[in-house]
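Only one structure is covered here, and it is reproduced in the block below.
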Amino acid sequence: PKSESYALVRDLKKVLIAALPEEDEAAQSKLKTYYEVMRERIFRDAVIKQKRRPDGRAFDQIREISIEVGVLPRTHGSAIFTRGETQALVTTTLGTSDDMQRIEAFEGEAKKRFLLHYNFPPFSVGEVAFLRGAGRREIGHGALAERSISAVLPGEDKWPYAMRVVSDILESNGSSSMATVCGAALSLMDAGVPLKAPVAGVAMGLVKEGEQYAILTDIAGAEDHYGDMDFKVAGTRDGITALQMDIKVGGITAQIMREALAQAQRGRMFILGKMEEVLGKHREKVSTYAPRIYTLQIPVDKIRDVIGPGGKMIRSIIEQTGVKIDVEDSGKVNVSSNDETSANKALQIIRDLTATAEVGKTYLGTVTRLADFGAFVEIIPGTDGLLHISEVAEHRIKDVRDELKEGDQVLVKVLAVEGNRIRLSRKAILKEQRAKMGGGEAPAPAGTASMTIEGGGDFDEPEEGEPNFNRDAATQAAPGGPAPVGDRGGPERGFDRGRDRGPRGGGGGRGGRGGGSGGRRRGPNGRGGGHGGPRH
């Protein structure tokens, strides 16, 4: 173990220093320097000549691995990854787009949705010191681990969450950055993040003396300190996601690089196997404490309807439902909430605000305004269509107010959409309903069987069983009696004309005017004219 090994080294050093005179400080200083040189020489000779590592492992052997996931119940995801005497506690927090890091650049503002922070407290190496801000080591190791994981993150269209991973190193004896990579992948999968594949990392070492060299897998602290290379390799079963090399010699050959990568691949596969035994894929559901994000795509020209003047509409939705709403310039809307019911309510409001009328679709609308030519019906919030008077009912109506009034809810079908104009029909719905019920023609409305013409008689239908076959006689008016109804007359004729005019060759009109079939002449005292000739 590291602690016992370091204790033996310290004890031996104390024995050697005690053999020197206390007043000879120069000799003690030289002893400390030579002692470190001797330690390095012993280490390198043992590796190159004896093929032995300080802890007795084979060159390609990885230290014992221990993995736990879901260790912190209140976090969104957590994992403890232990390899030898290096241990990392890694936690994952999921957030919304408001939690993404905003980065200002010359090209404009950008957002960073994945953050990985690496903390290396002094107690992890048995030291007592102040906990200060992140230093060069923390920033560099965190950036390497972040690059390693970024390659397997799902696309933002499939996973709109912001993700923050924090790795706290609890103990360290080499390769803490690669322990962070393994722990980060496990923590993200524990949080339900659908990674494309798990990622593992391993640190490779090199001891080189002349033409002789040895490549070491999973180097510990002493091997990193006295060795010639620290080559970190992270990746999946299919490939490498990140590389970083720290080297102390003048250069390495292509052969050394090939061997190091091949040996690193075997080590990576071994570690991935251990990880997959504990958690082979991401959780199907996110933590109950994590926000739920629901995505909706709306037309770009409808963004203003969702936001409203001065943000009035979007604030109203947030106040009603208690959710968070983020609207992007592309029309993508993210609604986040811990309550599924509230999120669904907000989504429905947004759908209603951005809905567009579809031709042939039926809507339950509300009559908002009546006019002589028809009614305006709101079929979706903020969108009205015209229900023309001819499309209100199957029978002919004179006044739309006889059938509808403001505030009525009515089923209508969209006939056409012409720009901003929407044509509606209620008659089509009534026909469909009657067809489903197996009915025939729609009955005529009450009161249309006869019409009274001012200054003349009623257009009564002839009694059944007494048809009039004498057309010439039927078209002549009897003195002092009502005008007869010919084959061209009848209530339909008078209705279509829209005026109080008699049938051709019929009775007298208003103000002493009589209409003849051949012309028009004025009769005395309002008497009707027969077949007209030229005016007298």
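Heads up: the sequence shown is residues 70 to 605, going by my numbering. For glycine and all other residues, C-beta sits at the position ideal for the given N, C-alpha and C.
With contacts defined as CB atoms closer than 8 Å, Val404 and Val375 fail to qualify as a contacting pair. Judged by DSSP secondary structure, Arg384 falls within the alpha helix (DSSP H) whose first and last residues are 381–390. Taking 3 residues as the shortest admissible run, the region 391–433 contains the following complete beta strand (DSSP E) segments, listed from N- to C-terminal end: 393–396, 401–406. Look at the beta carbons and you see the region 411–421 touching the region 382–392: at least three pairs across the two are nearer than 8 Å. The DSSP-derived three-state label of Met506 is helix. In this chain, the alpha helix (DSSP H) harbouring Ala333 covers 323–347. Of Asp315, Val446, Thr310, Lys99, the smallest CA-CA separation from Tyr295 is found for Asp315.
Secondary structure note for Ser494: its beta strand (DSSP E) is the uninterrupted segment 490–494. DSSP lists Met273 as the beta-bridge partner residues of Thr286. Residue environment: Leu285 is assigned as buried (16 or more neighbouring CB atoms within 10 Å of its CB, all protein chains considered). With a contact defined as Cβ atoms closer than 8 Å, Thr161 and Gly146 qualify at about 4 Å. The beta carbons of Phe183 and Met232 sit closer together than 8 Å. In the DSSP annotation of this structure, Arg108 is not part of any beta strand (DSSP E); the continuous alpha helix (DSSP H) holding it starts and ends at 94–117. If the five residues before and after Ala291 are omitted, its C-beta is found closer than 6 Å to the C-beta atoms of Pro123, all from its own chain and listed in chain order. Relative to the Cα of Lys181, the nearest Cα in the group Leu158, Phe442, Tyr75, Arg216 belongs to Arg216. Met169 carries a coil assignment under DSSP once its states are collapsed to helix, strand and coil.
Judged by their CB atoms, Arg132 and Arg152 are nearer to each other than the 8 Å cut-off. The residue from Glu397, Leu222, Glu278 with its alpha-carbon nearest to that of Ala179 is Glu397. In the three-state scheme derived from DSSP, where H, G and I count as helix and E and B as strand, Leu77 is classed as helix. Between Val486 and Lys430, the C-beta gap is not smaller than 8 Å, which leaves the two residues out of contact. Taking 8 Å as the cut-off, the Cβ atoms of Val446 and Leu439 do not count as close. Just so you know, the alpha carbons of Arg201 and Ala415 end up roughly 44 Å apart. Per DSSP, the beta bridge partners of Tyr187 are Ser236. When the five nearest sequence neighbours on each side are left out, the beta carbons in the same chain lying within less than 6 Å of the beta carbon of Gln156 are those of Leu239, Glu240, in order along the chain. Using a Cβ distance threshold of 8 Å, Val461 and Glu472 count as a contacting pair. Within the same chain, His145 come within 6 Å of Ser356 by CB-CB distance, once the 5 residues on both sides are set aside.
Rounded to whole angstroms, the gap between the alpha carbons of Ala115 and Val276 is 10 Å.
Just so you know, the alpha carbons of Phe128 and Thr305 end up roughly 22 Å apart. For Phe192, the three-state secondary structure derived from DSSP is helix.
Contact fails between the region 351–369 and the region 321–335, because fewer than three Cβ pairs, one in each stretch, are under 8 Å apart. Annotated as proximal: Ala214 and Tyr187, with beta-carbon spacing under 8 Å. In the three-state DSSP reduction, Val302 falls in the strand class (E or B). Judged by beta-carbon spacing, Leu257 lies beyond the 8 Å limit of Leu348, meaning their Cβ atoms are not closer than that value. When Ala148, Phe189, Lys227 are compared, the shortest CA-CA separation from Ile362 is found for Lys227. DSSP places Glu292 in the helix class (H, G or I) of the three-state scheme.
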